[in-house]
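Below you'll find the structure, written out as structure tokens, and then a few comments.
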Ligand SMILES: Cc1cc2nc3c(=O)[nH]c(=O)nc-3n(C[C@H](O)[C@H](O)[C@H](O)COP(=O)(O)OP(=O)(O)OC[C@H]3O[C@@H](n4cnc5c(N)ncnc54)[C@H](O)[C@@H]3O)c2cc1C
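Residue numbers (this note's numbering): 134 to 532.
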């Protein structure tokens with residue numbers, strides 16, 4: 134049986150950050166990553182790939198070998214928390230048991246397909262490069278694309294498809310109304326106005342306050358019984374998480390995320406650390422972090438620090454996080470940066486147009502550079518606020 138000081142399960146933004154930081158700060162630690170794929174996927178660019186834009190491929194194995202970490206492609210099927218062991222189903226059908234001293238769970242999330250009937254059978258979700266490739270092949274032929282959702286993924290997707298394939302008839306359906314809101318995750322009046330004008334410019338149909346009740350073959354049935362017909366439907370109605378932690382007896386919060394202390398330790402199993410979308414953590418001063426790459430990357434750094442502290446028999450430090458902005462791509466040449474306060478509530482200021490698109494592109498490329506897969510790129514402009522949470526916190530402390 135293979136034995137490691139630290140095993141990280143899940144090589145998304147957060148898990149890869151954790152492995153990278155552990156390898157960099159403690160070359161003597163035996164650390165390994167398990168992921169069901171053989172490559173790191175830039176999940177925040179899946180809508181770009183779905184609209185046919187070229188995608189970079191980052192294989193785990195050579196990169197992890199170079200930094201001194203182990204890798205296995207396989208799905209973790211079960212965790213025996215009492216024995217500190219994992220059961221892994223290898224990609225080739227083999228079975229493996231790994232022992233760990235400390236475990237970092239970075240299982241991420243997937244699109245929630247259990248919201249209304251028919252999603253799994255009749256919609257595509259932006260969860261994998263295969264889903265994206267299938268959509269890209271279809272979109273070249275034209276037709277009616279229906280995107281359902283009222284969040285960032287749906288806004289970015291409709292803009293990307295409408296811009297790249299002007300012959301597509303794109304409809305966006307949202308159960309909510311797009312209106313200014315001061316709540317965390319909300320938009321300022323300027324942002325709402327810009328999104329509406331962008332949807333008009335791209336000639337896409339935007340149906341708000343329109344809950345879809347069920348999906349059937351080629352049809353979305355609305356609450357009032359009306360039907361929207363489609364050739365392809367993208368469901369982008371929020372994320373859900375794996376039940377693996379729950380099956381292992383690890384305490385979870387509402388929605389199944391692992392309930393964590395501010396040090397990212399499981400409240401029920403302190404030797405286990407959770408990070409990224411799978412972790413439910415109340416961080417100062419942001420509050421409970423929403424599922425995002427923005428929070429997942431700094432959380433991965435904190436997870437690495439907590440794991441190394443536990444390895445040394447020391448007390449891990451609390452994770453602090455502050456939101457600074459949300460950035461939305463609206464095609465390749467346009468975008469929207471909504472500046473926010475530390476709790477993700479919108480400020481009046483927004484950036485739009487090419488300047489916002491350049492920033493979004495910079496932020497996306499930084500996420501890959503940040504996990505050591507490429508070298509850092511230069512920022513295109515000077516940001517009006519601090520770029521990351523650590524800098525934002527320093528600003529707050531000075532204020
Ligand atoms: C189209 C799109 C655009 C987005 N844009 C933004 C954005 O602009 N800004 C932002 O902040 N967020 C954005 N997000 C959300 C963001 O992608 C996620 O919040 C982020 O990827 C979470 O990172 P993570 O490391 O926690 O998990 P993930 O990136 O989901 O990675 C989890 C990893 O765990 C692996 N895994 C899961 N279960 C197992 C198992 N049992 N065994 C082995 N491996 C396993 C998976 O294969 C995967 O590699 C976007 C999402 C989508 C879909």
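Backbone N, C-alpha and C define an ideal beta-carbon position, used for all residues, glycine too.
Rounded C-alpha distance that separates residue i from residue j
i	j	result
residue 166	residue 172	12 Å
residue 419	residue 476	4 Å
residue 99	residue 295	Here the chain covers residues 134 to 532 and nothing more, so residue 99 does not appear.
residue 340	residue 360	13 Å
residue 299	residue 324	24 Å
residue 470	residue 285	12 Å
residue 97	residue 444	In the structure displayed, the chain extends from 134 to 532; residue 97 sits before or after that span and is not available.
residue 508	residue 498	9 Å
residue 314	residue 342	16 Å
residue 432	residue 357	43 Å
residue 512	residue 202	30 Å
residue 318	residue 140	33 Å
residue 486	residue 458	16 Å
residue 417	residue 496	23 Å
residue 466	residue 478	26 Å
residue 161	residue 327	51 Å
residue 346	residue 271	25 Å
residue 263	residue 354	27 Å
Presumed contact (8 Å Cβ cut-off) between residue i and residue j, rounded CB distance
i	j	result
residue 473	residue 456	5 Å
residue 337	residue 306	About 11 Å separates the two Cβ atoms, so there is no contact after all.
residue 293	residue 427	Not a contact, Cβ separation roughly 20 Å.
residue 164	residue 156	6 Å
residue 389	residue 373	7 Å
residue 239	residue 182	Not really, about 22 Å apart at Cβ, beyond 8 Å.
residue 153	residue 200	7 Å
Any non-hydrogen atom of ligand 1 within 7 Å of residue i CB
i	result
residue 455	no
residue 180	yes
residue 233	no
residue 377	yes
residue 264	no
residue 170	yes
residue 426	yes
residue 177	yes
residue 239	yes
residue 297	no
residue 213	no
residue 135	no
residue 393	no
residue 281	no
residue 146	yes
residue 208	yes
Same chain, Cβ closer than 7 Å to residue i, neighbours up to 5 away in sequence not counted
i	result
residue 255	348, 349, 350, 366
residue 335	292, 295, 296
residue 253	246
residue 384	392, 399, 400, 401
Which listed residue (the options) has its alpha carbon closest to that of residue i
i	options	result
residue 424	391, 229, 321	391
residue 280	431, 332, 319, 262	332
residue 464	144, 437, 443, 489	489
residue 138	174, 442, 221	442
residue 430	232, 140, 161, 410	410
residue 395	373, 413, 161	413
residue 261	177, 304, 357, 310	177
residue 494	462, 478, 483, 326	462
residue 211	513, 433, 381, 174	381
residue 144	175, 221, 226	175
residue 214	403, 388, 161, 450	403
residue 283	264, 271, 308	308
residue 189	510, 501, 513	501
residue 206	186, 199, 142, 448	142
residue 216	249, 146, 233	233
residue 191	159, 149, 209, 160	149
residue 208	377, 312, 311	377
residue 147	379, 450, 438	438
Beta-carbon contacts of residue i that lie in its chain and below 6 Å, excluding the five residues immediately before and after
i	result
residue 302	277
residue 481	321
residue 204	166, 193, 194, 197
residue 135	231
residue 436	151, 237, 397, 406, 408
residue 531	Because residue 531 carries a pLDDT of 47, less than 50, the predicted location of this residue cannot be relied on, and the following value inherits that uncertainty. Cβ neighbours of residue 531 beyond the five flanking positions: none.
residue 371	245
residue 352	360, 362
residue 248	370
Cβ neighbours of residue i in the same chain (closer than 8 Å, five flanking residues each side left out)
i	result
residue 369	244, 258, 259, 280, 281, 282, 284, 286, 287, 290
residue 228	220, 221, 222
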